[in-house]
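A.B. asks:
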Amino acid sequence: MVKNMDKIQLLQRIFGYSQFRPGQEMLIDGILAGKDAFGIMPTGGGKSMCYQIPALLLPGISLVVSPLISLMRDQVMALKAAGVPAAYINSSLSYAQIQAVYRNMLAGKYKIVYVAPERLDTDGFGTLAERLPISFVAVDEAHCISQWGQDFRPSYLRIVQFIAGLRRRPIVAAFTATATKQVQEDIKRILDLRNPVQTVTGFDRPNLCFSVLHPELKDRELKQLLSARNGKSGIIYCSTRKKVESVCQMLNELGYPATRYHAGLEEQERTSNQEDFLFDRKTIMVATNAFGMGIDKSNVSFVIHYNMPKSLEAYYQEAGRAGRDGSQADCILLFSGTDVSTAHFLIQNSGENEDLDPVQQEIIRKQDLARLDAMVGYCKTKTCLRGYILEYFGQKHPQMCGNCGNCNGNFQEVDITQQSQMILSCVKRIYDKLGHWVGIDLIAKILRGSRDKRVLDLHLDDLSTYGLLKNRTRSDLHAMIDHLEAEGYLQADREHQTMQLTALASEVLYRGKKVAMKIESETEDTSAISLAGQEAELFDVLKELRGKLAKEAGVPAYVVFSNATLTDMAKKCPRTRWEFKQVSGVGELKASWYSQAFLEQINRFLEGETE
Ligand code: ADP
Ligand code: MG
Ligand code: ZN
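With my numbering applied, the sequence shown corresponds to residues 5 to 615, in that order.
Next up, the structure:
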């Protein structure tokens, strides 16, 4: 299917995107012209495309060196879903499976093969490589090759020997998201990149909203943050395994679908917890920094750091796992003074690296302490947080970004007394009419004036509170209702999944008690920002269908379509297959698989609306 396409056609027909992102085209052109390349682009910037498209267009086979097993598996899964012949080789495969991949490589069945660095100097692979037409080697997460990076992996040094051992030197390209000037120089030197084309794309991730909070009680803060983000996917990073355990347990007790990940768990549990998260069976992952290196989940809408990490590099990489699909997302750090002493302790007591001599180790320790200082500076600065980060990575930036906690004084307390009165009185009226309590979904629908069948069947559109909050989004309303629950005005009956009034509610209803809620001024739901009314409802419907299709296919939801794609679909509301293909993120293969189901769903939705 790849034959005779050019790079634009590949981008559009295989991957379903209408245009290249900044930096992508230049790198791809360079590589296709036979040049080495060096892509420094932020997480989520689309580095994979920069090696995947050349790999498809160059003759022979291309290797992608990548550090983590889960990343390889995800990317190969996504490539196959887009119709590209790809495979990976790492320690998760059996001997027989690896031999099968080798045979297929020799038979020319793959255009792209992902390889773990440890495999490169095994005998079998070396012999194989001699017989393969390798035209291109892409090194992903290339900062792992530098001792000065925060994530040095000695196995990366094998790449150098491997390339040197090939009969013909292939095109070599390196990609990274987090590299200071020094690390960048290291990458170029060690990998011997020859006059590489280099991106000028910066580190900025405009869709991420950064903020630092200094809460008195982290648990309470966390609960509030989560109740304003119900149903969304997010990662909570903690500095210790013990903290992961306690936070995860707390969330589970509160009824949140949270799971955990740290190096102290059995391999099997780690894998299954990770899959639960990837497949949205559990939407919240509580983890140490052992989690995430290979994680390519595109719909992570928040990353909360329960503890401060030990460097800005680490922070930016972990926080950067939010919003990869370009949607608005939040990166929130909960700071406390003890975090600083803990991080100090961890640096002083970090394990010895056997590949390094004592002098080098001492230098690294000093660097780690300097990195920690920069991290603490971030937590305490009153200036623009994005600016602080970009400054650190040596990039020019405006004084204020207007989209971070320090720029817009995020997390303002807003008065929601009036809305609370409407919600509580709506709950009361429903009960008076039906004689029983109902769930949060139905309450929200009534307030939003929905023409949902259940609302009409029960004649709930007669209520005086019907449609009172019709200008608010579904997630707005859910957040407010959750907040009223958290504050004790409503009580959830988890067994029947209903909400009932508490005695306290009358304080608000009849005695003028004020209700305040912390919200982020700029970063409400993505769907809330760009979608409203019918579009937001359609988005929810499409999301449900996506979940169903993903489940049937046994893949994570975002492999079917990303949130960004669904948002665009809800906006464009395609009625024909041609229109469907105009949606961002819809390629030909996916159109052929999914257009029917989605178009039918959209039709049903539109008919339901007009009835
Ligand atoms: P990273 O640079 O972190 O490796 P990825 O390669 O994983 O980023 O890409 C992040 C997301 O951006 C993926 O979902 C990918 O499909 C999407 N993407 C890549 N290129 C484009 C493009 N030109 N237009 C729209 N989305 C893109
Ligand atoms: Mg990547
Ligand atoms: Zn800012």
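Backbone N, C-alpha and C define an ideal beta-carbon position, used for all residues, glycine too.
By DSSP's criteria, Gln202 is part of a beta bridge. Which residues make up the other side?
C.D. replies: BP columns for Gln202 point to Phe42.
A.B. asks: With DSSP as the reference, please indicate the residues paired to Thr3 in a beta bridge.
C.D. replies: Outside the modelled stretch of the chain, which goes from 5 to 615, sits residue 3, for which no answer is possible.
A.B. asks: Any heavy atom of ligand 5 closer than 7 Å to the CB of Tyr160?
C.D. replies: Ligand 5 is absent from the structure shown, which contains only ligand 1, ligand 2 and ligand 3.
A.B. asks: Does Met4 come out as helix, strand or coil in the three-state DSSP assignment?
C.D. replies: Missing from the structure shown is residue 4; the chain here goes from 5 to 615 and no further.
A.B. asks: Going along the chain, which residues put their C-beta within less than 7 Å of some heavy atom in ligand 3?
C.D. replies: In chain order, the qualifying residues are Cys388, Leu389, Arg390, Gly391, Met404, Cys405, Gly406, Asn407, Cys408, Asn410 and Cys411.
A.B. asks: Measuring CA to CA, which of Leu62, Thr275 and Arg224 is closest to Val251?
C.D. replies: The option with the nearest alpha carbon to Val251 is Arg224.
A.B. asks: Give every residue of the same chain whose Cβ lies closer than 6 Å to the Cβ of Phe609, excluding the five residues on either side of it in the sequence, and list them in chain order.
C.D. replies: Excluding positions up to five away in sequence, the list reads Leu542 and Val545.
A.B. asks: Could you spell out where the alpha helix (DSSP H) holding Ser276 opens and where it closes?
C.D. replies: Counting along the chain, the alpha helix (DSSP H) containing Ser276 begins and ends at Glu271 to Leu282.
A.B. asks: Please go through the same chain and pick out, in chain order, the residues whose beta-carbon is closer than 7 Å to the beta-carbon of Gln278, but skip the five residues on each side of it.
C.D. replies: Ser74 and Tyr265.
A.B. asks: With contact counted as at least three CB pairs below 8 Å, one residue from each stretch, are the segment 376 to 389 and the segment 338 to 348 in contact?
C.D. replies: Result yes; three or more Cβ-Cβ pairs closer than 8 Å.
A.B. asks: Quick one: what's Thr182 bridged to in DSSP?
C.D. replies: For Thr182, which the question treats as bridged, DSSP gives no partner whatsoever.
A.B. asks: So, for Leu14: in the same chain, excluding its five sequence neighbours on each side, which residues have a beta-carbon less than 8 Å away from its beta-carbon?
C.D. replies: Hits under 8 Å: Val6, Ile57, Leu60 and Leu61.
A.B. asks: Quick test of your reading: Gln495 and Gln504, contact by CB under 8 Å. State the CB separation rounded to the nearest angstrom.
C.D. replies: About 5 Å; that satisfies the 8 Å criterion.
A.B. asks: Does DSSP put Cys213 in a helix, in a strand, or in coil?
C.D. replies: Strand.
A.B. asks: If you check the beta carbons only, do Phe306 and Asp329 fall under 8 Å apart?
C.D. replies: Result no, Cβ atoms of Phe306 and Asp329 do not sit closer than 8 Å.
A.B. asks: To the nearest angstrom, report how far apart Val590 and Met109 are at their CA atoms.
C.D. replies: Taking the straight line from one Cα to the other gives about 29 Å.
A.B. asks: Flag this pair as touching only if the segment 11 to 28 and the segment 283 to 297 have three or more C-beta atom pairs under 8 Å; answer yes or no.
C.D. replies: Taking 8 Å as the limit for Cβ pairs, the verdict is that the segment 283 to 297 does not touch the segment 11 to 28.
A.B. asks: Quick check on Gln23: does DSSP put it in helix, strand or coil?
C.D. replies: In this structure, Gln23 counts as coil in the three-state DSSP scheme.
A.B. asks: Tell me where the alpha helix (DSSP H) around Ile308 begins and ends.
C.D. replies: Element bounds for Ile308: not the alpha helix (DSSP H) but the beta strand (DSSP E), Val304 to His309.
A.B. asks: May I have the straight-line CA-CA distance separating Gln403 from Cys388, to the nearest angstrom?
C.D. replies: Whole-angstrom Cα-Cα distance: 7 Å.
A.B. asks: Please name the residue, chosen from Val559, Arg173 and Lys474, that lies closest to Gly38 on a Cα-to-Cα basis.
C.D. replies: Nearest of Val559, Arg173 and Lys474 to Gly38, Cα basis: Arg173.
A.B. asks: Check for me: the alpha helix (DSSP H) holding Leu62 runs from which residue to which?
C.D. replies: Careful: Leu62 lies outside any alpha helix (DSSP H) and carries neither H nor E.
A.B. asks: Measuring alpha carbon to alpha carbon, tell me which residue in Thr244, Gly558 and Ser424 is nearest Met484.
C.D. replies: Ranking the options by Cα distance to Met484, first place goes to Ser424.
A.B. asks: If you reduce the DSSP assignment to three classes, tell me which class Gln151 lands in.
C.D. replies: Looking at Gln151 - three-state DSSP - the assignment turns out to be coil, as it is neither helix nor strand.
A.B. asks: Residues bridged to Cys430 by DSSP?
C.D. replies: Cys430 pairs with nothing; no bridge assigned.
A.B. asks: Contact defined as beta carbons within less than 8 Å: I believe Ser315 pairs with Arg369. What is the distance between those atoms, to the nearest angstrom?
C.D. replies: Rounded, the Cβ-Cβ distance is 13 Å, inconsistent with contact.
A.B. asks: Alpha carbon to alpha carbon, how far is Gly48 from Ile533? Give it in angstroms, no decimals.
C.D. replies: For Ile533, the predicted model reports a pLDDT of 46, less than 50, meaning its position is unreliable and no value from the coordinates is stated.
A.B. asks: On the DSSP letters alone, give me the boundaries of the alpha helix (DSSP H) that Ala536 sits inside.
C.D. replies: From DSSP, Ala536 is part of no alpha helix (DSSP H); its letter is neither H nor E.
A.B. asks: Please report the distance separating the alpha-carbon of Gln399 from that of Pro362.
C.D. replies: About 33 Å.
A.B. asks: I need the straight-line Cα distance from Pro578 to Leu124, nearest angstrom please.
C.D. replies: Spanning the two alpha carbons is a distance of roughly 47 Å.
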